[in-house]
């Protein structure tokens, strides 16, 4: 009888977060819509420069957030929803 342990491979694609361009999907898509919409609707050089600046800074911030926690925005919105139930800091006596 074989007494060795049974090994089951856990593939990285099964538990890795679903990111788009290094950030969460919904905020990145919202950023794309906002920057492209600004550049296309105004059609002048200032708005195009502003939208490029918005894209560079926005994607940088979203990538940093996803690197810290891939579900940070979802957790933030859930914490806002449960704000009345849970106190944000742990204290021995929390006064609501």
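Numbering (my numbering), first residue to last: 3 to 98. Where a beta carbon is used, it is the ideal one built from N, C-alpha and C, also for glycine.
Limits of the unbroken alpha helix (DSSP H) element including residue i
i          : result
residue 62 : 47-70
residue 43 : 27-44
residue 9  : Here residue 9 belongs to no alpha helix (DSSP H), and DSSP marks it neither H nor E.
residue 15 : 14-17
residue 74 : 74-83
Beta carbon of residue i nearer than 7 Å to that of residue j
i          : j          : result
residue 53 : residue 33 : no
residue 64 : residue 38 : no
residue 19 : residue 72 : yes
residue 26 : residue 61 : no
Nearest-angstrom Cα separation, counted from residue j out to residue i
i          : j          : result
residue 28 : residue 44 : 24 Å
residue 47 : residue 55 : 12 Å
residue 15 : residue 67 : 20 Å
residue 79 : residue 86 : 13 Å
residue 70 : residue 13 : 22 Å
residue 17 : residue 8  : 21 Å
residue 23 : residue 81 : 25 Å
residue 51 : residue 21 : 26 Å
Test: residue i CB closer than 7 Å to a CB of chain D
i          : result
residue 87 : Protein chain content of the structure displayed is limited to a single chain, and chain D is not contained in it.
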